[in-house]
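The sequence shown maps to residues 207 to 303 in the working numbering.
Before any comments, here is the structure.
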Amino acid sequence: LGLIADELVVEGVVRAEDVPSHNPRLDTWLHERFAGAEFTTRPHAEVLGDLARDAKAVVRTGAFEPWGNVGLYCGVDAPRWFGGEGVVVPEQYASKV
Numbered sequence: 207l208g209l210i211a212d213e214l215v216v217e218g219v220v221r222a223e224d225v226p227s228h229n230p231r232l233d234t235w236l237h238e239r240f241a242g243a244e245f246t247t248r249p250h251a252e253v254l255g256d257l258a259r260d261a262k263a264v265v266r267t268g269a270f271e272p273w274g275n276v277g278l279y280c281g282v283d284a285p286r287w288f289g290g291e292g293v294v295v296p297e298q299y300a301s302k303v
């Protein structure tokens with residue numbers, strides 16, 4: 207997950223509501239790795255059901271990590287994308303440029 211995350215701009219992380227209590231080491235790592243992202247929780251069944259079904263991509267890391275299913279909401283590198291001279295920055299990205 208760390209290698210993939212190096213290539214993404216992660217704006218949000220969703221994990222099962224059980225992760226903080228059932229795998230605190232993973233929860234700490236997620237908060238450190240995605241420090242600028244918004245964190246939310248959902249019921250475990252929803253993470254494995256609706257969230258997985260609606261995903262644009264699913265990556266099986268092969269990690270042997272209990273409670274390790276997480277969802278990442280990705281965005282764009284706003285300063286690079288909208289940084290050109292004369293480019294209009296949409297309101298939702300203005301604070302990121």
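C-beta: ideal position from N, C-alpha, C; glycine also.
As the structure is a prediction and not an experimental result, all values here were calculated from the model.
From Gly-242, Asn-229, His-228, Arg-248, pick the residue whose C-alpha is nearest to that of Gly-277; which is it? Nearest to Gly-277 by alpha-carbon distance, out of Gly-242, Asn-229, His-228, Arg-248, is Arg-248.
Pull up the distance between the alpha-carbon of Gly-208 and that of Arg-239, whole angstroms please. Approximately 8 angstroms between the Cα atoms of the pair.
Identify every residue that forms a DSSP beta bridge with Tyr-279. Gly-218
In chain order, which beta strand (DSSP E) runs of at least 3 residues are fully inside the region 238-269? Within the region 238-269, the complete beta strand (DSSP E) runs of at least 3 residues are 244-248.
Reference Asn-229, options His-237, Trp-273, Gly-255, Val-253, closest by Cα: Trp-273
Compare the C-alpha of Pro-285 against each of Phe-245, Val-303, Asp-260 and name the closest. Val-303
By how many angstroms is the C-alpha of Val-293 removed from the C-alpha of Thr-246? Between the C-alpha atoms of Thr-246 and Val-293 there is a straight-line separation of about 32 angstroms.
In whole angstroms, give me the CA-to-CA distance for Gly-281 and Thr-267. 21 angstroms
Helix or strand or just coil, what does DSSP make of Leu-236? helix
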